[in-house]
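Visitor:
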Amino acid sequence: MKRLILSITAAFLCAQNACLLAVEPPTIVTFGDSVTAPRGRTAVYPDLLANDLSYDGKDVKIINAGIGSHTTTMGKARFEKDVLNVKPDVAVIMFGINDAAVDVWKDPPADKPRVSLADYRNNLTEMVQALKSRGTRVVLMTSNPLYWAATTLKLYDKPPYRPEDVDGFNVVLRDYVSAVREIAKTEDVGLVDVFAAFEAYDAEPKHKPGALNPDGMHPGDAGHRIIADLLIEHFAKSDQKFARKPFTVWHRSGDVVEMHPRSTNITHDTEHPTVLGPALIKLSDGAVMSVYSTPTSYAGKPGECYIAARTTRDGGKTWEPEREITRLPDGRSAHPTAFRARNGTMHLFFLGYKQHAWDRKTENPTENTRSDLWTVRSGDEGKTWSKPQMIFKGYTGSTNGAEETSGGNLVVPFSHYVANPGRLVSRTVVSRDGGKTWTPSNQIDIGGAGDHAGAVEPCVIELKDKRLWMVIRTARKFFWESFSEDGGLTWSEAKPTKIRSSHSPGHVIRMADGRLALAWNPDGRKELSVAFSQDEGHTWTDSVVVARGLATYPFILENQPGELWVGFIDPHDGWGTTPRAMHLKIAVQDVVADTKATASQ
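Residue numbers (mature numbering (1 follows the signal peptide of the UniProt record, and there is no 0)): -22 to -1, 1 to 579.
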């Protein structure tokens, strides 16, 4: 796929580009509209170039001169100030979507583009010639295609557009794209054909047309990555001193996930469409076991979904065949987590999912909403397992690890529904006899109302002062926390931390060197990050993204000192269909890009 897309990039033609750049490192201006301009949390292609592109081993200076809604006519008005006066070595120009737009949403509706095709040609040509006369290299980029989405269908549902046609939003834009190709050829400058690259991506099996443009017009993270890759390949072909920086190539895994450049993808293959659960557990001989539920998700039939395991004995290169551990005949055994006690006993905790239903009139869970919490354990390295034991009856959220206190208590954090108003509260169940019997703690209630409101899917870690620290998922843009001084039986009133988080769970572990490691989604589930604390969670290193695309519900295992195995779930096709657990391993020293601590609690 990558070769197909990158092959579309045309090389610089010899007349302008035979000689190397005289200035080191060069300055590159990216000039365009909202596709080029900074766009919230989206990593736009100029940002990616600044991070990934080098010239003769040095950083390249990137100046982003994109402004939303601008046409080439508007661009010409600021061309001297934003481009020529900067005296760039290379100018990348990308206009077209706004020029070609016919504003049929206006009253009265427009009946022609904002900028005529003839004026568009003239505007682009004048800018290209002005740059060439100053010795500046020029790269023209075609616009990305447009796609029908809820907003675009509402605004552009009249002629000349054809809403009934999947390509009907591009009927005008295609002529402007052709004009860019012709000008690049006539003016003997570089061309990066983004339009063709996106069409090639759309044509690939399993790729949903429009996935690169979430709102129908603007590329998302994946679309900008393609644009940046095209430009990097283009620059490298034009001048051998241009190169991609080491460890900037992310590893593709599945349809949407990319893993950190310094990581190793250790995701095990499977014949099943669903692998639900990222948990890992280390065996006494150094092997690592992955536990998950399969072959269906929550939407499967009762008894169909079971808890399974696969084991690797070579660091994740290969995985042994799947073994079934347990299943519930009248429920769906789902989303397990794993823990190994100090005495070697392995414990699994999982959901016995039956039904989720929410009464929108009363804003409460219905009486038959059930997803009980179950456990099994093994004393022989996973060869045999105990019979399933229910340790909480009700509707619980996903399990998220466990902890063994210095006093020997086994503590399992979870959340469950309460009513009036319906919401989730967090708590633990505690075993003092190795998992034979269990005692529930008090509820941790932060209020709220709704089927995903309240204190949700917590994780727990013992601090050096013997207190337990609970980190709680909330919808309030920050994790909340609670503490226990009696081994998990009673918990303090929850309060917000200063750890920014999306409405997603985190997972925290203690590493061999005494530091804490946290994996979570600070800014949405499209990026999974890791950070470290050497002062018991009061401050943390800057977070580093280890997986992107769609990566959430993390689980961390320190397989050996300084080596983290991070599991997570990619649910891009939906939790009820084919959520897929993935795993990577990475050295801690490769994760820590900046050890400057920032306040977090």
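Note that beta-carbon positions come from the ideal geometry of N, C-alpha and C, so glycine has one too.
Ala329 to Gln367, Cα distance in whole Å?
Guide: Rather than Ala, the amino acid found at residue 329 in this sequence is Leu. Cα-Cα distance, rounded: 11 Å.
Visitor: Would you kindly report the start and end of the unbroken alpha helix (DSSP H) that includes Gln538?
Guide: Counting along the chain, Gln538 falls outside any alpha helix (DSSP H), though it belongs to the beta strand (DSSP E) covering Thr530 to Gln538.
Visitor: I need the boundaries of the alpha helix (DSSP H) containing Leu118, first residue and last residue.
Guide: From DSSP, Leu118 is part of no alpha helix (DSSP H) but of the beta strand (DSSP E) over Arg115 to Met119.
Visitor: Run through the DSSP bridge pairs and tell me what Gln367 is partnered with.
Guide: Per DSSP, Thr353.
Visitor: Per DSSP, what kind of secondary structure is Ser262 in: helix, strand or coil?
Guide: Note: Ser262 maps to coil in three-state DSSP.
Visitor: By the three-class DSSP mapping on this structure, what secondary structure does Leu562 have?
Guide: Looking at Leu562 - three-state DSSP - the assignment turns out to be strand.
Visitor: Taking only the alpha-carbon atoms, compute the straight-line gap between Ser479 and Met237 and give it to the nearest angstrom.
Guide: Approximately 20 Å between the Cα atoms of the pair.
Visitor: Entirely within the stretch 372 to 434 and at least 3 residues each: give me those beta strand (DSSP E) ranges in chain order.
Guide: Counting whole runs of 3 or more residues, the stretch 372 to 434 contains the beta strand (DSSP E) stretches 388 to 396 and 401 to 409.
Visitor: Quick one, are the C-beta atoms of Gly413 and Leu388 less than 8 Å apart?
Guide: Going by C-beta atoms, Gly413 is nearer than 8 Å to Leu388.
Visitor: Contact defined as beta carbons within less than 8 Å: I believe Ala78 pairs with Pro91. What is the distance between those atoms, to the nearest angstrom?
Guide: Contact holds; Cβ gap of about 5 Å.
Visitor: Spatial neighbours of Ala433 within its chain, please: CB distance less than 7 Å, with the 5 preceding and 5 following residues excluded, ordered by chain position.
Guide: Around Ala433: Ser393, Leu402, Val403, Ser404, Ile422, Asp423, Ile424, Ile450, Thr452, Trp458 and Ala472.
Visitor: Could you tell me if Ala529 is buried or exposed, where buried requires 16 or more neighbouring beta carbons within 10 angstroms of its beta carbon?
Guide: Per the 10 Å Cβ criterion, buried.
Visitor: Considering only their Cβ atoms, is the gap separating Ser121 from Gly74 smaller than 8 Å?
Guide: Going by C-beta atoms, Gly74 is nearer than 8 Å to Ser121.
Visitor: For the beta strand (DSSP E) containing His202, name the first residue and the last one.
Guide: No beta strand (DSSP E) holds His202; the alpha helix (DSSP H) holding it covers Asp199 to Ser216.
Visitor: Could you say if the stretch 191 to 204 and the stretch 87 to 104 meet the contact criterion of at least three C-beta pairs nearer than 8 Å?
Guide: At 8 Å Cβ cutoff, the stretches do not touch.
Visitor: Which term fits Glu249, buried or exposed, when burial requires 16 or more other beta carbons within 10 angstroms of its beta carbon?
Guide: That one is exposed.
Visitor: My understanding is that residue 598 touches Ser507, with C-beta atoms under 8 Å, so please give their C-beta distance in whole angstroms.
Guide: With the chain covering -22 to 579 only, the question about residue 598 has no answer from this structure.
Visitor: Does the Cβ-Cβ distance between Ser275 and Thr245 come in under 8 Å?
Guide: Taking 8 Å as the Cβ cut-off, Ser275 and Thr245 do not qualify as a contacting pair.
Visitor: Going by beta carbon distance, what residues of the same chain come within less than 6 Å of Leu467, once the five residues before and after it are set aside?
Guide: Taken in chain order, the residues that qualify are Val408 and Ser419.
Visitor: Below 7 Å CB to CB, which residues in the same chain sit around Asp153 once its five sequence neighbours on both sides are set aside?
Guide: Counting only Cβ-Cβ distances below 7 Å, and skipping sequence neighbours, we find Leu95.
Visitor: Is it buried or exposed for Ala206, if we count other Cβ within 10 angstroms and need 16 for buried?
Guide: The residue is buried, with at least 16 neighbouring Cβ atoms inside 10 Å.
Visitor: Who are the near neighbours of Leu31 in its chain, counting only those whose CB is closer than 6 Å to its CB and skipping five residues on each side?
Guide: Cβ neighbours of Leu31 beyond the five flanking positions: Val38 and Ile210.
Visitor: Exposed or buried, what is Ala565 when buried is set at 16 or more other beta-carbons lying within 10 Å of its beta-carbon?
Guide: Classification of Ala565: exposed, given that the 10 Å Cβ count is below 16.
Visitor: What does a CB cutoff of less than 6 Å around Lys54 pick up in its chain, not counting 5 residues either side in sequence?
Guide: So the list reads Asn101, once near-sequence residues are dropped.
Visitor: Quick one: complete beta strand (DSSP E) runs, 3+ long, within the stretch 495 to 528?
Guide: For the stretch 495 to 528, whole beta strand (DSSP E) runs of length 3 or above, ordered along the chain, are 505 to 511, 517 to 519 and 522 to 526.
Visitor: Rounded to whole angstroms, what is the Cα-Cα separation between Ile369 and Phe327?
Guide: Approximately 9 Å, taken between the alpha carbons.
Visitor: Examine the Cβ distances between the stretch 23 to 30 and the stretch 213 to 232 and report whether three or more of them are shorter than 8 Å.
Guide: Touching, yes.
Visitor: Report the rounded CA-to-CA distance for Met324 versus Ala178, giving the unit in angstroms.
Guide: Those two C-alpha atoms are separated by around 48 Å.
Visitor: For Leu133, collect the residues of the same chain with a Cβ closer than 7 Å to its Cβ; drop the 5 residues on either side in sequence, then sort them by chain order.
Guide: Excluding sequence neighbours, Leu133 sits near Trp83.
Visitor: Out of Pro391, Val524, Pro500 and Val396, point me to the one whose CA is closest to Gly465's CA.
Guide: Per the Cα distances, Pro391.
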